[in-house]
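Step one of this worksheet: look at the structure below.
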Amino acid sequence: LDKMLAAIGLGRSGDAPVYMAPVIPWNPPQNRDPNAAELAMMQPFLERHIALAAPKVLILMGNGPCHAMIKKSGMTRLRGGWTEAAGVPAIPMFAPSYLLTNPAAKRDAWADLLSLKARLKDLT
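Using the working numbering, the first residue of the sequence shown is number 10, and each one after it goes up by one.
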């Protein structure tokens, strides 16, 4: 993820650092996606966390964050376009782990990164 962000001039430090936060603050057993009960339990905390961080945009990396924030899943349909989550512009993107096992999706990920870069430029 750090390399992906660095490719468009972003990182975890600098003038406008990227702040990363998980949908839930623990890893579910067997590395499964969070279930509906876990997501519902954490939703108020997640929304408050976003309000406190006050991001310009949200990057929803994978199905879990998309399901939690916009109540949709299916990354091949969702990625490539902008939506809104918690009152903030949001872009669904493939998770880095997906890109490691599906290298053909890297072209789409690059297009999403360029869209992110353009949106951030428009916001400044």
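Just so you know, even glycine gets a beta-carbon here, dropped at the ideal spot from N, CA and C.
Computed from a predicted structure; not experimentally measured.
Among the options, which one has its Cα closest to the Cα of residue i?
i, options, result
"residue 97", "59, 76, 116 and 46", "59"
"residue 29", "114, 49 and 70", "70"
"residue 74", "56, 65 and 63", "56"
"residue 26", "114, 77 and 65", "65"
"residue 63", "99, 91, 19 and 121", "99"
"residue 51", "77, 68 and 114", "77"
"residue 61", "21, 19 and 95", "95"
"residue 127", "111, 21, 91 and 80", "91"
What do you get for residue i, buried or exposed, if any count of 16 or more other CB atoms within 10 angstroms of its CB means buried?
i, result
"residue 54", "exposed"
"residue 88", "buried"
"residue 121", "buried"
"residue 36", "exposed"
"residue 72", "buried"
The beta strand (DSSP E) that contains residue i, what's its start and end?
i, result
"residue 68", "67-70"
"residue 101", "97-102"
So residue i is in the alpha helix (DSSP H); what residue range does that whole segment cover?
i, result
"residue 105", "105-110"
"residue 122", "115-132"
"residue 16", "Counting along the chain, residue 16 falls outside any alpha helix (DSSP H), and DSSP gives it neither H nor E."
Original post:
Using 8 Å as the threshold, is the segment 42-62 in touch with the segment 10-20, meaning 3 or more CB pairs across them?
Top reply: no
Original post:
Between the segment 75-86 and the segment 99-118, are three or more C-beta pairs nearer than 8 Å?
Top reply: yes
**OP:** Inspect the CB distances between the segment 107-115 and the segment 123-131 and report whether three or more fall short of 8 Å.
**Re:** no
Subject >> Inside the segment 20-94 only - beta strand (DSSP E) runs reaching at least 3 residues >> reply: 67-70 and 92-94
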